[in-house]
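Enquirer: Got a structure for you, written out below as structure tokens; questions coming shortly.
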Amino acid sequence: MPFVLMFVIFYFLLIRPQQKRAREQREMLARLKKGDVVVTSGGIIGTIHALTDAEIVLEVADRMKVRVLRAQVNLYAAAADGATPVPAEKGK
Numbered sequence: 001m002p003f004v005l006m007f008v009i010f011y012f013l014l015i016r017p018q019q020k021r022a023r024e025q026r027e028m029l030a031r032l033k034k035g036d037v038v039v040t041s042g043g044i045i046g047t048i049h050a051l052t053d054a055e056i057v058l059e060v061a062d063r064m065k066v067r068v069l070r071a072q073v074n075l076y077a078a079a080a081d082g083a084t085p086v087p088a089e090k091g092k
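Structure below.
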């Protein structure tokens, strides 16, 4: 019985929050569109110029474009339509 209780506690403290963060990240990546400002895991801030299923082309300076993997986008900084962005991670 103590093992079951430990598993339940472990599930609610570690596994469930991790699954929630992963789901929020997937939803954020699905919402991306041309013109959005994003931050990559490497710290590159850029405006989305083009999108494919696996890659994003970011314009990081005037006429300077960088290809990055879509999965490397960590934060959604600003929406193209001026709407307030929904942060990828809460509490940071």
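No gaps in the numbering here: position 35 of the sequence shown is 35 in this note's numbering, and each next residue is one more. Positions of the beta carbon are idealized from the N, C-alpha and C atoms, including for glycine. All values reported here derive from a predicted model rather than from experimental measurement.
(1) Any idea if M6 is buried or exposed, counting beta-carbon neighbours within 10 angstroms, 16 or more meaning buried?
(2) Measure the alpha-carbon distance for F10 versus A61 and round it to whole angstroms.
(3) Could you give the residue range of the beta strand (DSSP E) that holds I56?
(4) Hey, how far is the Cα of F46 from the Cα of V38?
(5) Alpha carbons only, please: which of E24, G35 and F3 is nearest the one belonging to A50?
(6) Is the beta carbon of K65 less than 7 Å from the beta carbon of V73?
Expert: So, from the listed chains and residues:
(1) By the 16-neighbour rule on beta-carbons within 10 angstroms, M6 is exposed.
(2) Each residue's Cα considered, the two are about 45 Å apart.
(3) First-last of the beta strand (DSSP E) with I56: E55 to A61.
(4) Correcting the residue identity first, residue 46 is Gly in this sequence and not Phe. Their backbone Cα atoms lie some 6 Å apart in a straight line.
(5) Checking every option, the nearest Cα to that of A50 belongs to G35.
(6) Going by C-beta atoms, K65 is not nearer than 7 Å to V73.
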